[in-house]
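Encoded as structure tokens, the structure appears first; notes follow it.
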Amino acid sequence: MKLPENLQDFLTTHRRNLHKIPELGMQEYKTQAYLRSVLETLPCTIEEVAGTGLLALFKAENPVQEGTIAFRADIDALPMTEATGAEYASTHPGKMHACGHDGHMAMALGMAYTVSQNLDTIPCDVLIVLQPGEESPGGAKFVCESGFLQRYNVKRIFGLHVAPGTPAHTLTAFCGPAMARTAELDITILGKSAHCSRPELGVDAAYIAVHLLTDLYTMEETELPSDVRRLLKFGKIDCGTVRNVLSDKAVINGTLRSFDDSIFAFMRGRIFAIAKSYEEKYGCTIRIDLAEGYPPLVNKPEIFRQCVDAVTAAGIPFVERTAPSLGGEDFAYYLQEVPGAFLDLGTGFDEGLHTINFRMDETTLATGVKAFCALLNMPL
């Protein structure tokens with residue numbers, strides 16, 4: 155496939171325009187309108203999906219294989235205040251494309267643009283999937299539930315995610331279970347309020363929360379083998395209203411992650427058991443809400459190796475990761491339904507995802523489009 159001569163300008167323009175208008179998951183109305191306006195200039199059919207998402211189908215003029223190859227980009231942003239100082243910084247206060255989804259959208263549009271100029275040579279139909287709500291609540295699940303995979307006869311699906319700490323123009327990924335199964339954990343401790351001068355009259359929810367958190371961390375660190383990758387972390391504690399009154403309620407919010415269902419079940423069971431022992435010891439009530447997040451993302455070896463061969467044959471450097479990531483990614487839902495792969499593309503900078511200074515080398519986006527083209531031309 156021949157890449158458009160103005161591809162880099164196309165990518166940079168659209169990435170920056172999208173960077174200015176970040177929107178949170180399932181609220182991407184301006185983003186959807188912008189994406190639609192670009193796609194409407196290309197020879198494709200457009201369908202709305204999952205409320206704020208879009209599907210764009212490009213029909214091959216001379217197909218040599220049945221079915222459709224899909225390429226997905228997530229479109230939502232994060233509730234963060236940008237500090238990059240870029241001239242194209244967010245114009246939406248308190249919202250930022252700090253996870254690179256602006257770049258993902260630009261690559262998807264770039265792939266659409268490239269395909270539109272090669273309809274006579276692409277091997278099959280191509281579907282661009284612009285998916286809402288990856289950060290929350292998991293828009294891929296809603297897109298899958300629309301039945302699009304069956305409706306468009308999708309044979310394979312691919313996704314790219316920008317990766318800090320990796321050189322620009324370099325692809326990287328892990329073969330096998332590449333990203334973790336996730337769950338959101340909310341623990342509510344109900345005690346009894348009392349003045350600090352009479353603590354014997356109360357049940358101190360703050361005290362219980364601190365000790366419970368410590369015991370849960372100790373469990374995760376000492377009751378499982380050190381070589382088993384898993385995670386139990388808490389990022390938020392809320393309790394109390396004034397300094398001299400015992401808290402009657404404390405809420406701890408965290409996340410539970412693992413690659414192994416048995417490890418996940420063990421930690422879940424121990425969390426409930428430890429909480430039960432605290433109820434008996436302190437006379438409090440503890441409510442645990444464990445909400446399933448995303449399933450593990452698995453790059454299956456056979457197609458993974460085909461992808462590596464395809465992108466390296468296209469002249470794109472590839473570095474295989476030696477360990478999986480404890481991050482979560484809802485692209486996993488697609489891979490539960492059809493073959494495919496999820497690869498990372500270096501940003502050329504060290505600023506991490508979900509940070510207020512996140513940035514990328516925009517020239518790496520053209521490499522992403524080149525990689526998509528290589529994956530499209532893999533034989534089924």
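So the number in our numbering is just where the residue sits in the sequence shown, counting from 1, plus 154.
Note that beta-carbon positions come from the ideal geometry of N, C-alpha and C, so glycine has one too.
Here the structure is a predicted model, which is why all the values come from computation and not from measurement.
The three-state secondary structure of ALA322, taken from DSSP, is coil. Residues of the same chain with a CB within less than 7 angstroms of the CB of GLN460, apart from the 5 flanking positions on each side, are MET532 in chain order.
Checking the DSSP bridge columns, you'll see CYS393 partnered with ALA404. Below 8 angstroms, too few C-beta pairs join the segment 463-482 and the segment 240-253 to call them touching: fewer than three. In the DSSP assignment, MET333 falls within the unbroken beta strand (DSSP E) covering 330-333. If you check the CB distance, VAL308 and VAL452 do not come in under 7 angstroms. Contact annotation: LYS249 and PRO176 have beta-carbon atoms nearer than 7 angstroms.
The DSSP assignment places complete alpha helix (DSSP H) segments of no fewer than 4 residues inside the segment 179-259 at 183-193, in order along the chain. Burial is judged here by how many other beta carbons sit within 10 angstroms of a residue's own beta carbon; PRO217 has fewer than 16 and is exposed. In the three-state DSSP reduction, THR336 falls in the strand class (E or B). In this chain, the alpha helix (DSSP H) harbouring LYS430 covers 415-436. THR166 sits in a helix when the DSSP states are folded into three classes. Between CYS527 and THR342, the beta carbon gap of about 51 angstroms keeps them out of contact (Cβ cut-off 8 angstroms). A straight line joining the alpha-carbon of VAL192 with that of LYS174 spans about 16 angstroms.
Apart from the 5 residues on each side of it in sequence, ASP415 sits with its Cβ closer than 8 angstroms to the Cβ of ARG335 in its chain, given in chain order. In the DSSP annotation of this structure, the continuous segment of the beta strand (DSSP E) that includes LEU281 starts and ends at 279-285.
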